[in-house]
Amino acid sequence: MTGIVLLGLLGLVAVAALWLVGMYNGLVRFRNEVKNAWSQIDVQLKRRYDLIPNLIETVKGYAKHERETLEAVVQARQQAINVTDSVIDKAKAENMLSQTLRSLFALSENYPDLKANQNFLSLQEELASTENKISFARQYYNDAALKYNNKTEMFPSNVVAGMFNFERADFFEVEATEQREAPKVSFQ
Amino acid sequence: MWDLIRANRRRAAVLVVLMAALMLGIGYAVGELAAPGAGPLGLVAAFGIWLVMTLASYFSGDRILLAASRARRVEKDDHPVLWNVVEEMCIASGLSTLPEIYIIDEEAPNAFATGRSPERSAVAVTAGLLERLDRDELQGVIAHELGHINNRDILYMTMAGIMLGAVVMLADVGVRMLWFGGGRRRTSSDRGGGGQAIVMIVALVLVILAPLMAQLMYFAISRRREYLADASSALYTRYPDGLARALEKIAGNTKPLKAANRATAPMYIVNPLKVTAQGLANLTGTHPPTSERIKILRSLGGGRLSLEGYDAAFRQATGRPVGVVPRGSLNAIAAVEAREPAKDPRSHVKRVREVTDALWQLQDYAFIACACGTLLKVPPAQAGKRIPCPHCKTEHAMPDLVL
Chain A
1 MTGIVLLGLL GLVAVAALWL VGMYNGLVRF RNEVKNAWSQ IDVQLKRRYD
51 LIPNLIETVK GYAKHERETL EAVVQARQQA INVTDSVIDK AKAENMLSQT
101 LRSLFALSEN YPDLKANQNF LSLQEELAST ENKISFARQY YNDAALKYNN
151 KTEMFPSNVV AGMFNFERAD FFEVEATEQR EAPKVSFQ
Chain B
1 MWDLIRANRR RAAVLVVLMA ALMLGIGYAV GELAAPGAGP LGLVAAFGIW
51 LVMTLASYFS GDRILLAASR ARRVEKDDHP VLWNVVEEMC IASGLSTLPE
101 IYIIDEEAPN AFATGRSPER SAVAVTAGLL ERLDRDELQG VIAHELGHIN
151 NRDILYMTMA GIMLGAVVML ADVGVRMLWF GGGRRRTSSD RGGGGQAIVM
201 IVALVLVILA PLMAQLMYFA ISRRREYLAD ASSALYTRYP DGLARALEKI
251 AGNTKPLKAA NRATAPMYIV NPLKVTAQGL ANLTGTHPPT SERIKILRSL
301 GGGRLSLEGY DAAFRQATGR PVGVVPRGSL NAIAAVEARE PAKDPRSHVK
351 RVREVTDALW QLQDYAFIAC ACGTLLKVPP AQAGKRIPCP HCKTEHAMPD
401 LVL
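So the sequences go chain by chain: A and B.
Following the working numbering, the residues of the first sequence are numbered contiguously, the last one being 188.
Following the working numbering, the residues of the second sequence are numbered contiguously, the last one being 403.
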């Protein structure tokens, strides 16, 4: 009799353990997806840092009098590179950089020679696309973060998340709706 | 999304198995019609054909299809905007490998995706598509194609298409047997008795009905896939109006797509073959009516996007009680905010120039940047010669043609 009870208890413990393992693995999978999505954003942000010096060089040749705008871009880029600790601060710095880039492209409207330069045109396409990629990567990241956060907050997976210290993921936000658009790079 | 993929896979696997069964049945029937008792032989032959077809379509179905469509592979330098849009949609869809990118040198706007898995896939667009669509619209089309790749549609569509061709071919052989083998059969069935006669009748019915059944099965599944890829596109781009506008432009085109045929037609985003009988088109068309797809996408616009929302819009637009999204996937993705349209600075002239440049680059034209800012585009016939810049008259040495 006691044997059966013991066996039953043992079975229950085994089932509970398996269930815990499954839940833990599920959480790890979601967290990895968030990390992977973040690295996608990171790749695009780095790409943007790399493109900017080229852009500055090209624009300088045509628009010497626009030092202020050019310096603002350089500064915003440096600031964005320096911020590495939190997602929220990073988002702020990157939004700042997007804004200064937008004003640089708006300014290029006044220089017809610049707008006809092949190098400038391809840089413009690259930066516009990088901007799009950042926003699509951010979209993907936020979806992954939402899924992961839901898992860490909802019963019963929140119990496992609490036990093993699964922290919430921060969202990569944009401040105003107007900022969601790619920089306005209109000509012709 | 995994539920959706799983349901899609299961359905496709069922289709492939049904097609195989149908083919084996036809093989048997054709054998019996050729000579009583030869059914098993026909069965073996049909199985052999099925095996070869399956293997060929699995291992190189994508290459065959791309070659048949005269698609040419491009790199980033050939068409940066197309390349960038595919990269953008790749990121939005979470696809880990960038598909190979192809351009088809045709005026009619259209696009398709093929491949075996998300790791080995390709998208092809026509030159006419690149000329007509702005960036938002192109994003919609590419996202639709990546939707096919992500939903694991591409392999099964290729395989099912090739098997449909085989079923039709075999049944055709059976019908020929009927005409030419008639006399012989009659004398032998006298000896065989009633059992033989029943086998004959079943074989006859099978040979006549099989191609129709295969076609209906194939059509039903490919239509649902189009809707699902539309839903995926809306979610990836967050801008359903882009795809809606693109579909309007593609459907409004009157030029024929020369590279398309009956086997490749179901792969395209909009049916490239002009169907004359509208009623028949609705029953057996591989594509749902484009107007219906546009109506659904338009009714999504603006608000929040989700699979559930697409399903509801589908039911409202078509009046059908059952939606297209598998029940388990309705809530798989949280609703997301739609975005505003983006501005595309490229004029029609510039888009045409981009495509022409891409096609010229594929034809070994040399592109030489002059110091005065002019870009010289020189045909391969001028290789090795000296050419002056038309603006500043600086002479440029043309590089030799590398073959």
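A virtual CB, placed ideally from N, CA and C, is assigned to each residue, including glycine.
- Within the region 340-354 of chain B, those residues whose Cβ lies closer than 8 Å to any Cβ of chain A are, in chain order, Glu340, Ala342, Lys343, Pro345, Arg346, Ser347, Lys350.
- The region 103-121 of chain B makes contact with the region 70-82 of chain B: 3 or more CB pairs, one atom from each, lie closer than 8 Å.
- The bridge partners DSSP lists for phenylalanine 367 of chain B are B/Lys377.
- At a cut-off of 8 Å, the C-beta of leucine 247 of chain B has no neighbouring C-beta in chain A.
- Counting only Cβ-Cβ distances below 8 Å, arginine 238 of chain B has contacts in chain A at Gln139, in chain order.
- For isoleucine 104 of chain B, the uninterrupted beta strand (DSSP E) segment begins and ends at 100-104.
- Apart from the 5 residues on each side of it in sequence, leucine 209 of chain B has no Cβ closer than 7 Å to any other Cβ in its chain.
- DSSP places alanine 122 of chain B inside the beta strand (DSSP E), whose first and last residues are 120-126.
- With a beta-carbon spacing of about 6 Å, methionine 23 of chain B and valine 167 of chain B fall inside the 8 Å limit used to define contacts.
- By the Cβ criterion, the region 241-253 of chain B is not in contact with the region 311-320 of chain B, since fewer than three pairs of Cβ atoms, one from each stretch, lie closer than 8 Å.
- Closest option to alanine 203 of chain B, judged by alpha-carbon separation, among B/Ala35, B/His148, B/Arg10: B/Ala35.
- For glycine 94 of chain B, the nearest CB of chain A lies under 8 Å from its own CB, placing it at the interface with that chain.
- Between isoleucine 91 of chain B and chain A, the shortest Cβ-Cβ separation is below 8 Å.
- One finds Glu125, Glu126, Ala128, Ser129, Thr130, Asn132, Lys133 in chain A with Cβ atoms closer than 9 Å to the Cβ of asparagine 84 of chain B, taken in chain order.
- One finds Gln118 in chain A with Cβ atoms closer than 7 Å to the Cβ of leucine 375 of chain B, taken in chain order.
- Looking from the CA of valine 352 of chain B, the closest CA among B/Leu212, B/Ile26, B/Val16, B/Glu107 belongs to B/Glu107.
- The shortest CA-to-CA distance from alanine 260 of chain B to any of B/Leu55, B/Asn84, B/Ala111, B/Glu88 is the one to B/Ala111.
- For valine 325 of chain B, the three-state secondary structure derived from DSSP is coil.
- Contact between the region 56-71 of chain A and the region 4-11 of chain A is absent: fewer than three C-beta pairs spanning the two stretches fall below 8 Å.
- Of the residues assessed, glutamine 139 of chain B falls on the buried side of the cut-off, its CB having 16 or more other CB atoms within 10 angstroms.
- Taking 8 Å as the threshold, the shortest C-beta distance from valine 81 of chain B to chain A falls below it.
- Of all residues in the region 116-147 of chain B, none has a C-beta nearer than 7 Å to a C-beta of chain A.
- Glutamate 75 of chain B has a beta carbon lying at 8 Å or more from every beta carbon in chain A.
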